[in-house]
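**Student:** The structure follows.
There are 2 protein chains.
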Amino acid sequence: MTEDPTGRPGAGRTRRRGAALEEAILRAAAEELTEAGYAGLTMDGVAARAGTNKNAIYRRWPNRLSLGIAAYRRLTTTVSPPDTGDLRGDVLEWLRRANRHWSSPLGVILRELLSAAGGTSELLAQLQERSGDAAAAPWLTILERAVARGEAAPEALHPRVATVAIVLLRNEFVVRGVPTVSDDVLVEIVDEVYLPLVRRRAGRDDPAARDPGPADAPRPEPDPRIGAREE
Amino acid sequence: MTEDPTGRPGAGRTRRRGAALEEAILRAAAEELTEAGYAGLTMDGVAARAGTNKNAIYRRWPNRLSLGIAAYRRLTTTVSPPDTGDLRGDVLEWLRRANRHWSSPLGVILRELLSAAGGTSELLAQLQERSGDAAAAPWLTILERAVARGEAAPEALHPRVATVAIVLLRNEFVVRGVPTVSDDVLVEIVDEVYLPLVRRRAGRDDPAARDPGPADAPRPEPDPRIGAREE
DNA sequence: CATTTAAGGTACTTGGCGTACCTTATGTGC
DNA sequence: GCACATAAGGTACGCCAAGTACCTTAAATG
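In order, the protein sequence lines correspond to chains G and B. Just so you know, we're using UniProt numbering here: the first sequence kicks off at 1 and counts up by one. Just so you know, we're using UniProt numbering here: the second sequence kicks off at 1 and counts up by one.
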């Protein structure tokens, strides 16, 4: 229970302030997080471990969740998407990494945080970039390369389309609550959904021939009423 | 604050038991839920409103969440998928209904519950059927009709493929925390993702080959803001 | 050295879930 | 009808951690 040289007891050492203290708190929080998950992250615990008190924490983060998110971010790193030279390979690899992450202890924490944030967009946003999923950028990167190689249709370079695979994967975790997703499912997502979707849609060699039908309003389709369900 | 004849004060009436009491509790819980959301659903509150006490509740449900889910289910009804005679129409309509539900007060409650369940599969499962979304059945129904009409490829009759649209929609709510999804987004999901995916993939001389229009701007639009990475 | 700023120390309020325990109806089987 | 088992009513309380208040004390600032 004695603290390490960095996060020392409030004993005889010099009193830390500013960045140094913040660092110590974050470090302590990250430790608690890895040891006991978000559920086990208590303000008193962090304060004690950092050799300080709750005041110092609340001066920096408004509540436990913010601290939890900050600590989580500290535990993750960013990576760049694979470049295997093959669309399928890239996609599968990127999905597998995501799957590994979500299945890891860190993934469990991420889910706890996501759950605790429960729709608070600002907080959600801070997790997004790390959960690496919604992040469209890497997917667009993968697809751009594929388009250049002629493996994907240019129309696929659209955030909503590009991220379909990861959204389906995340769905498994978030909505179905599975601890990990089997590789078969990943393959299925790729082969049954993603590739058919992003590949040149017409066997035609002229991409603009079919689909990119010149704009024109998204179909009238009025009739917004029809109540039955809800409320 | 006086109770109605059904959920009466513990005063002079006859003591309810079994099903009658259960009904009263559930009714009270549903009321609390609609008035204050899951956050405002307290065991003491429900007990008081039902004119009973917490014991009676805990004898039936193990914890607050279970009660919340039971009460939520009581507030929802099931409906069957539309049959407009047109794939796009059916899909859009079904998405719109889901969107309305998720955007409604009931949808907010659903999100709270989902968040509170936080990956507890058994509980999640109980919500699934009602959130009516993940439920693959209605989607398969819609697609079967479309296949019969020659509007969709038989390969699309696969749960993972069939439910793609709703998964993307739910993603907006659950992950991005938006209060409601604009109709434009629904249209985008349908035209950019769903229809291209389920339609006969190699359009030949078929009548259905003349893609009735992935309309609107297919413009690649490499997405302005990007910059996040992953893991 | 005086003053301001932030850290340390403590104790306390709050809020609700979940439990314990006892009393009192109800209803069922004899 | 009566006695016993069963379940409801009534209350109080333990618990646990979040967040707050307030004062003391060390460090920066100048």
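In this text, a Cβ means the ideal position worked out from N, Cα and C, and glycines have one as well. Treat the numbers as computed from the prediction; the structure is a model and nothing was measured.
1. CA-CA distance, residue 82(B) and residue 93(B)?
2. Which residues in the same chain as residue 109(G) place their Cβ atom closer than 7 Å to its Cβ, once the five residues preceding and following it in sequence are excluded?
3. Which value, in whole angstroms, describes the spacing of the CA atoms of residue 113(G) and residue 85(B)?
4. For residue 189(B), go through chain G and note every residue whose CB falls closer than 9 Å to its CB, in chain order.
5. Kindly say whether residue 17(B), judged by its beta-carbon, lies nearer than 7 Å to any beta-carbon of chain G.
6. Please list, in chain order, all residues of the same chain as residue 66(B) whose beta carbon is under 8 Å from its beta carbon, the five residues on each side excluded.
7. Mark residue 135(G) as exposed unless 16 or more other C-beta atoms lie within 10 angstroms of its C-beta, in which case mark it buried.
8. Please determine if the region 141-159 of chain G and the region 147-158 of chain B are in contact, where contact requires at least 3 C-beta pairs separated by less than 8 Å.
9. Rounded to a whole number of angstroms, what is the C-alpha to C-alpha distance between residue 118(G) and residue 178(B)?
10. So, under 8 Å CB-CB, residue 146(B) and residue 87(B) are touching, yes? Tell me the CB distance rounded to an integer number of Å.
11. Which stretch, first to last residue, makes up the alpha helix (DSSP H) that contains residue 142(B)?
12. Can you name the residues of chain B whose CB is closer than 7 Å to the CB of residue 99(G)?
13. Given a cut-off of 7 Å, decide if residue 197(B) and residue 157(G) are closer than it, judged by their beta-carbon atoms.
14. List the residues of chain B whose Cβ lies closer than 7 Å to the Cβ of residue 169(G), in chain order.
15. I'd like to know whether the C-beta atoms of residue 140(B) and residue 162(B) end up nearer to each other than 7 Å.
16. Indicate whether residue 180(B) and residue 80(B) have their beta-carbon atoms separated by less than 7 Å.
17. Expressed to the nearest angstrom, what Euclidean distance is found between the alpha-carbon atoms of residue 61(B) and residue 17(B)?
18. Against chain B, with Cβ distances strictly below 7 Å, would residue 20(G) count as a contact?
19. Specify the secondary structure class of residue 81(B) as computed by DSSP and reduced to three states.
20. Exposed or buried, residue 183(G), counting other C-beta atoms within 10 Å across all chains shown (16 or more means buried)?
21. When you compare each of 77(G), 191(G) and 70(G) to residue 23(G) by their alpha carbons, which one comes out closest?
22. Kindly indicate which residue of 49(G), 121(G) and 21(G) has the alpha-carbon position closest to the one of residue 31(G).
23. Quick check on residue 120(B): does DSSP put it in helix, strand or coil?
24. Answer with yes or no whether the minimum CB distance from residue 107(G) to chain B is below 7 Å.
25. Using a Cβ cut-off of 9 Å, pull out every chain G residue sitting near residue 120(B), in sequence order please.
26. Can residue 194(B) and residue 91(B) be called in contact, C-beta distance under 7 Å?
27. Taking only beta-carbon positions, decide if residue 151(G) is within less than 7 Å of chain B.
28. Going along chain G, which residues have a C-beta under 8 Å from residue 124(B)?
29. How is the alpha helix (DSSP H) around residue 61(G) delimited, first residue to last?
30. Need the endpoints of the alpha helix (DSSP H) that residue 161(G) sits in, please.
31. Return the Cβ separation of residue 75(G) and residue 106(G) in integer angstroms, given the expectation that the two are a contact with Cβ distance under 8 Å.
32. Short of 8 Å in beta carbon distance, which residues of its chain neighbour residue 137(G), apart from the five on each side in sequence? Order them along the chain.
33. Using a Cβ-Cβ distance under 7 Å, would residue 31(B) count as near chain G?
34. Please state if the CB of residue 167(G) and the CB of residue 171(B) are separated by a distance shorter than 7 Å.
35. Verify the CB distance criterion: does residue 103(G) have a CB-CB separation below 7 Å to chain B?
**Tutor:** For this structure:
1. 7 Å
2. 33, 37, 38 and 72
3. 43 Å
4. 160
5. no
6. 123
7. If you draw a 10 Å sphere on the C-beta of residue 135(G), you find 16 or more other C-beta atoms in it, and that means buried.
8. no
9. 11 Å
10. So it is a contact: roughly 4 Å between Cβ atoms.
11. 136-148
12. Those within 7 Å of residue 99(G) in chain B number zero; the least Cβ separation is about 12 Å.
13. no
14. The premise fails here: residue 169(G) is roughly 10 Å from chain B at the closest Cβ pair, so nothing lies under 7 Å.
15. yes
16. no
17. Computed Cα separation, rounded: 15 Å.
18. no
19. DSSP places residue 81(B) in coil when its eight states are reduced to three.
20. exposed
21. 70(G)
22. 49(G)
23. coil
24. no
25. Contact annotation for residue 120(B) against chain G: 177 [CB-CB distance below 9 Å, chain order].
26. yes
27. Answer no: the Cβ-Cβ gap between residue 151(G) and chain B never drops below 7 Å.
28. 175, 176 and 177
29. Note, residue 61(G): premise wrong, no alpha helix (DSSP H); not H, not E.
30. 159-162
31. 6 Å
32. none
33. no
34. yes
35. no
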